[in-house]
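Taking it in order: structure first as structure tokens, then the write-up.
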Amino acid sequence: MVEEIGTTAEGDLIINVGPQHPATHGVLHLVLTLSGETIKKVEPHLGYIHRSIEKMCESLTYRQFIYVTSRMDYLSSHINNHACALTVEKAMQIEVPQRAQYIRVIMDELTRIASHELWWGAMAMDLGAFTPFFHAFRERETITDIMEKTCGARLTMNYMVPGGVMVDLHPDFQKDVKSFIQLYKSKFEEYNELVTGNIIFQNRMKGIGVLSKEDAISYGCSGPVARASGVNCDIRKLYPYEIYSQLEFDEVLDTAGDSFARYMVRLKEMQQSIRIVEQLIDYIPEGEFQAKTKAVLKLPKGEFYQRVETARGELGVYIVSEGGTTPYRIKFRSPGFSNLSALEHMVKGLKIGDLVAAMGTLDLVIPDIDR
Amino acid sequence: MFSLEGITNMIHEWLNNHFNATIALLTEFVLVGVAAIALFAVLGLVLVWMERKVAAVMQIRLGPNRVGPKGIFQTTADTLKLIMKEGLTPDGADKFLFNLAPYIVMIVAMLILAPIAFAKNFQIWDINIGVLYLSAVSSLSVIGILMAGWASNNKYSLLGAMRSGAQIVSYELSAGLSVISIVIMTGSLSINDIILSQQDGWWIFKGHIPAIISFVIFMIAVTAETNRAPFDLAEAESELTAGFHTEYSGMKFALFFLAEYINIFIVCAIGATLFFGGWMPLHVGHWQSFNHVMDYIPSSVWFFGKTIGLIFLIMWFRWTFPRLRIDQLLNLEWKYLLPISMLNLILMTIVAIMGWHF
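As structure tokens, then:
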């Protein structure tokens, strides 16, 4: 007969969600302690996709290590590459040509939109609605095609290199991006009709998984998760890099801190990204796309840190150099890891369905948490 | 004119002319059984294909299109694959109950088929308490689901079965109450009488607002009873992987899967019978010539047309709505649907007593 295994002394059920589970979007492993349907404890177990990226980087040169970082947060690989390139440029004081800066920012923002699109579909799928996934992919596919034309890749771009970008833009780039913006604007209302306005969806999201401003700060949350709780943390505004300081865009903030706020922040962020791309796309200056750099890069002795805003939050790259061609130590501060740590606080006392919904709004990418 | 009634009468006469009455009756039993099983298989295949095509249209893709024209043999191929797969029984499972559960779910689905009228005079069993029989037998399917969830010895299955138990037991109330409101109008529990009472118009048109309210409640309740999205908490793919049938594989899984679609067909058939007149063509009061033209469409076409329309509605729900949470699900039933359907029942009774319906 059925045995009494996997229960605590109080008779609570211990259940493994993952490492293979449809809701964890990867190999995240959560150990839940449940009393009936109510969650008492959430314990993330990490390490299933640990590839020692930081250790690998120690034996790679400053030109090579960027390629590995595409595999961290694979949904914003452009931005990861960007962060690494920026750190190396900062250390070596390389002046990046204007054209390259424009290209980088446009690519970053397109990546952000693509990443949020995928999140939107996947989160709706967590809530049991399958259709939005396909609608999100329709637009995301267009961005991926644009990327493919210029970078030759669709997911792990490896496009940004120290000193600029690897190759010049594809001749069709501006035309394609403009037609994407047109498409996106015409379809955006569909998102609200299909998901945002749905009464079931709103009931599932509002007031669920609340993260207060203080908690968001103390857990080290960043990106849309923290901004939904009212924390001013957009690196593009606080510590502008590249040409972000000259651009007009709003830092999307919300105060509710619940799942719905996180949802709305991401939706609005997509529109802000569109705004940024619109400002730049017609004015990409002519000129070099890459600064003249030596074939072998050598960083001066010292410690260098650069942070950027990825689609998920603040990504920090910390390089310790001893003056050689490879870093002595590299540390990545990934947004997903800190955001995941707030999960237990958010969902304690809620139902299993809420765990899945709240986890969906955290927008976790597991290879970003486990590097 | 083509009618199913003619075929059954012909077979009946032929059997009675060539054999004695007992053998003829036994042969008819066997024929009905075979026909029911064949209908099951065909319905299962067609509805799964239909669901995949409906989903594809909603999700801007093509859906199955490789096996046969428009992929109509895709589900046949899938079923063949499932039959050939090994039916695993987990080590810790209660083997007897584990293997029994899918058959219980399936048998219950087959039993409900008995009083449904597929066409004019084409009904397996015109029992005089047809509606009561339907609601009584349909509540048995929860036993199969609970059995599957408990016997699997899997926590996901157990949670799914728990949810399903709470859900089906609650939603049966409003489904039952909305069915009763039509019974009040008709004054009979027999399916045949209910259909015949809609000779001059379907109840959804004749019964004023109360009929429309009970139809809406009926559709919500049966969607929940068949464990379909947005009430698919028993399966809840993103939460419980597959809910109560997580541990099932091969044909045992296929039986659950098939039973789901048969149940959809049955509840939609009941809905069509109660609110849209079953096989009764669209008749409007005293418009003799219009009614006469409508009668030319065979009654089986009317029945299947209405049923498939309602099935499409339920599929439409599934592919557009997100899932409810368990407490919201029970709130919806106990705090909203049940009080509304009770009030509606009173309203319906008043309408019936005063004779306000058409």
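These protein sequences, in sequence, are chains L and U.
Positions 1 to 371 (my numbering) are the ones given, in order, by the first sequence.
Positions 1001 to 1358 (my numbering) are the ones given, in order, by the second sequence.
For glycine and all other residues, C-beta sits at the position ideal for the given N, C-alpha and C.
Original post:
Going by other Cβ atoms of all chains shown within 10 Å of its Cβ, with 16 needed for buried, is G1176 (chain U) buried or exposed?
Top reply: On the second sequence, residue 1176 (chain U) is found 176 positions in, with the first residue counted as 1. G1176 (chain U) counts as buried, since no fewer than 16 other beta carbons sit within 10 angstroms of its beta carbon.
Subject >> Whole-angstrom C-beta distance between G163 (chain L) and T293 (chain L), which should lie under 8 angstroms >> reply: For the purposes of this step, residue 293 (chain L) is taken as residue 293 along the first sequence, with counting starting at 1. For the purposes of this step, residue 163 (chain L) is taken as residue 163 along the first sequence, with counting starting at 1. The pair is a contact, with the Cβ atoms about 4 angstroms apart (cut-off 8 angstroms).
Original post:
Using a beta-carbon distance below 8 angstroms, is K351 (chain L) in contact with chain U?
Top reply: Within the first sequence, the letter at position 351 stands for residue 351 (chain L). Yes, contact with chain U.
Original post:
Where does the unbroken beta strand (DSSP E) through V225 (chain L) begin, and where does it stop?
Top reply: Mapped onto the first sequence, residue 225 (chain L) falls at position 225. First-last for V225 (chain L): 223 to 227, but that is the alpha helix (DSSP H), not the beta strand (DSSP E).
**OP:** Taking I200 (chain L) as the query, report the chain A residues whose CB atoms sit under 7 angstroms from its CB, ordered along the chain.
**Re:** Included in the structure are the protein chains L and U, with no chain A among them.
Original post:
Going by DSSP, what residues sit across from M160 (chain L) in a beta bridge?
Top reply: Start at 1 with the first residue of the first sequence, and residue 160 (chain L) comes out as number 160. Bridge partners of M160 (chain L): L:V165.
Original post:
How would you call I1023 (chain U), buried or exposed, if buried means at least 16 neighbouring beta carbons within 10 angstroms?
Top reply: By one-based count along the second sequence, residue 1023 (chain U) stands at place 23. For I1023 (chain U), the number of other beta carbons within 10 angstroms of its own is below 16, and it is reported as exposed.
Original post:
Is any beta-carbon of chain U found at less than 8 angstroms from that of V2 (chain L)?
Top reply: The sequence position of residue 2 (chain L) within the first sequence is 2, counting from 1. Its pLDDT being 39, under 50, V2 (chain L) is placed unreliably in this model, and the coordinates cannot settle the point.
Original post:
Does the beta carbon of L1313 (chain U) sit closer than 8 angstroms to a beta carbon anywhere in chain L?
Top reply: Within the second sequence, residue 1313 (chain U) is the residue found at index 313, counting from 1. No - not a single Cβ of chain L is within 8 angstroms of the one on L1313 (chain U).
Subject >> Test item: CB-CB of M264 (chain L) and D254 (chain L) under 8 angstroms >> reply: Taking the first residue of the first sequence as 1, we reach residue 264 (chain L) at position 264. Taking the first residue of the first sequence as 1, we reach residue 254 (chain L) at position 254. Going by C-beta atoms, M264 (chain L) is nearer than 8 angstroms to D254 (chain L).
**OP:** Throw me the rounded Cβ distance for the G1101 (chain U) and M1147 (chain U) pair, which I believe falls under 8 angstroms.
**Re:** Residue 1101 (chain U) sits at position 101 when you count from the first residue of the second sequence. Residue 1147 (chain U) sits at position 147 when you count from the first residue of the second sequence. The amino acid occupying residue 1101 (chain U) in the given sequence is Ala; Gly does not appear at that position. At roughly 4 angstroms, the Cβ-Cβ gap stays under 8 angstroms, so A1101 (chain U) and M1147 (chain U) are in contact.
**OP:** Could you tell me the distance, in whole angstroms, from the CA atom of I1145 (chain U) to the CA atom of N1192 (chain U)?
**Re:** Your numbering for residue 1145 (chain U) matches position 145 in the second sequence. Your numbering for residue 1192 (chain U) matches position 192 in the second sequence. A direct Cα-Cα distance of roughly 31 angstroms separates I1145 (chain U) from N1192 (chain U).
Original post:
So is M264 (chain L) in contact with chain U if we call contact Cβ pairs under 8 angstroms?
Top reply: Counting from one through the first sequence, the residue named residue 264 (chain L) turns up at place 264. No, M264 (chain L) does not count as interfacial toward chain U.
Subject >> Reference L1274 (chain U), options U:L1026, U:P1115, U:V1108, U:L1039, closest by Cα >> reply: Counting from 1 along the second sequence, the entry for residue 1274 (chain U) is found at position 274. The option with the nearest alpha carbon to L1274 (chain U) is U:P1115.
Original post:
Using a C-beta to C-beta distance shorter than 7 angstroms, which residues of chain U count as neighbours of F249 (chain L)?
Top reply: To locate residue 249 (chain L), count along the first sequence from 1; it is residue 249. Neighbours of F249 (chain L) on chain U: none; closest Cβ ~30 angstroms, over 7 angstroms.
**OP:** Verify the CB distance criterion: does R140 (chain L) have a CB-CB separation below 8 angstroms to chain U?
**Re:** By 1-based counting over the first sequence, the position of residue 140 (chain L) is 140. It does not: the Cβ of R140 (chain L) has no partner Cβ on chain U nearer than 8 angstroms.
Original post:
Using a C-beta cutoff of 8 angstroms, does P19 (chain L) count as contacting chain U?
Top reply: For the purposes of this step, residue 19 (chain L) is identified with residue 19 of the first sequence, where counting begins at 1. False, the Cβ-Cβ gap to chain U never drops below 8 angstroms.
Subject >> E1086 (chain U) in three-state terms, based on DSSP >> reply: Position 86 of the second sequence, counted from the first residue, corresponds to residue 1086 (chain U). Reduced to three states, the DSSP call for E1086 (chain U) is coil.
Original post:
Between K206 (chain L) and D282 (chain L), is the Cβ-Cβ spacing less than 8 angstroms?
Top reply: Translated into the one-based positions of the first sequence, residue 206 (chain L) becomes position 206. Translated into the one-based positions of the first sequence, residue 282 (chain L) becomes position 282. Their beta carbons are not under 8 angstroms apart, which means K206 (chain L) does not touch D282 (chain L) by this criterion.
Original post:
Taking the Cβ atom as the reference point for each residue, do A1259 (chain U) and M1106 (chain U) lie within a distance shorter than 8 angstroms?
Top reply: Residue 1259 (chain U) sits at position 259 when you count from the first residue of the second sequence. Residue 1106 (chain U) sits at position 106 when you count from the first residue of the second sequence. Yes. Within cutoff.
Original post:
If you drop the 5 nearest sequence neighbours on each side, which residues of the same chain put their C-beta closer than 6 angstroms to that of A216 (chain L)?
Top reply: Taking the first residue of the first sequence as 1, we reach residue 216 (chain L) at position 216. Only A226, S229, V231 meet the Cβ criterion.
**OP:** Taking 8 angstroms as the threshold, find out whether the stretch 43 to 54 of chain L comes into contact with the stretch 131 to 147 of chain L through three or more Cβ pairs.
**Re:** No: fewer than three Cβ pairs fall under 8 angstroms.
Original post:
Would DSSP call A1119 (chain U) helix, strand or coil?
Top reply: By one-based count along the second sequence, residue 1119 (chain U) stands at place 119. Of the three classes helix, strand and coil, the one that applies to A1119 (chain U) here is strand, per DSSP.
Original post:
For the candidate residues L:A357, L:D368, L:E189, whose alpha-carbon lies nearest to that of G336 (chain L)?
Top reply: In the first sequence, counting from the first residue as 1, residue 336 (chain L) sits at position 336. That would be L:D368, whose Cα lies nearest to the Cα of G336 (chain L).
**OP:** Would you mind reading off the limits of the beta strand (DSSP E) that contains N16 (chain L)?
**Re:** Numbered from 1 along the first sequence, position 16 holds the residue referred to as residue 16 (chain L). Residues 13 to 17.
Subject >> Cβ-based neighbour list, G360 (chain L), same chain, cut-off 6 angstroms, excluding 5 preceding and 5 following >> reply: Mapped onto the first sequence, residue 360 (chain L) falls at position 360. Counting only Cβ-Cβ distances below 6 angstroms, and skipping sequence neighbours, we find M123, D126.
**OP:** Check the Cβ-Cβ distances between I1220 (chain U) and every residue of chain L, and say whether any is below 8 angstroms.
**Re:** Here the question's residue 1220 (chain U) lines up with position 220 in the second sequence. Judged by the 8 angstroms Cβ criterion, I1220 (chain U) is not in contact with chain L.
Original post:
Alpha carbon to alpha carbon, what distance is there between G220 (chain L) and M166 (chain L)?
Top reply: Residue numbering aside, residue 166 (chain L) sits at position 166 when the first sequence is read from its first letter. Residue numbering aside, residue 220 (chain L) sits at position 220 when the first sequence is read from its first letter. Answer to the nearest angstrom: the Cα atoms are 34 angstroms apart.
Subject >> Amino acids of chain L, ordered along the chain, whose beta-carbon sits closer than 7 angstroms to that of D1327 (chain U) >> reply: One-based indexing of the second sequence puts residue 1327 (chain U) at position 327. By Cβ distance, chain L contributes K351.
Original post:
Bridge partners of I39 (chain L), per DSSP?
Top reply: The residue given as residue 39 (chain L) occupies position 39 in the first sequence. DSSP, once it has assigned bridges, lists L:L34 as partnering I39 (chain L).
Subject >> DSSP three-state assignment for K1306 (chain U), whether helix, strand or coil >> reply: The residue you call residue 1306 (chain U) lines up with position 306 of the second sequence. Helix, per DSSP.
Original post:
On the three-state DSSP scale, how would you describe V308 (chain L)?
Top reply: Along the first sequence, read from residue 1 onward, the residue named residue 308 (chain L) stands at position 308. Residue state, collapsed to three classes: strand.
**OP:** Name, in chain order, the residues that DSSP records as bridge partners for V317 (chain L).
**Re:** As a working mapping, residue 317 (chain L) is identified with position 317 in the first sequence. Looking at the DSSP assignment, V317 (chain L) forms a beta bridge with L:Q306, L:F332.
Original post:
Taking DSSP as the reference, what is the three-state secondary structure of P367 (chain L)?
Top reply: As a first step, residue 367 (chain L) is located in the first sequence; it is residue number 367 there, counting from the start. P367 (chain L) falls in the helix class under three-state DSSP.
Original post:
Would you report the Cα separation of M1010 (chain U) and K1252 (chain U), rounded to the nearest angstrom?
Top reply: Locating residue 1010 (chain U) in the second sequence gives position 10, counting from the first residue. Locating residue 1252 (chain U) in the second sequence gives position 252, counting from the first residue. About 38 angstroms.
Original post:
By how many angstroms is the C-alpha of E214 (chain L) removed from the C-alpha of I79 (chain L)?
Top reply: For this step, residue 79 (chain L) is matched to residue 79 along the first sequence. For this step, residue 214 (chain L) is matched to residue 214 along the first sequence. When only Cα atoms are considered, I79 (chain L) and E214 (chain L) end up about 28 angstroms apart.
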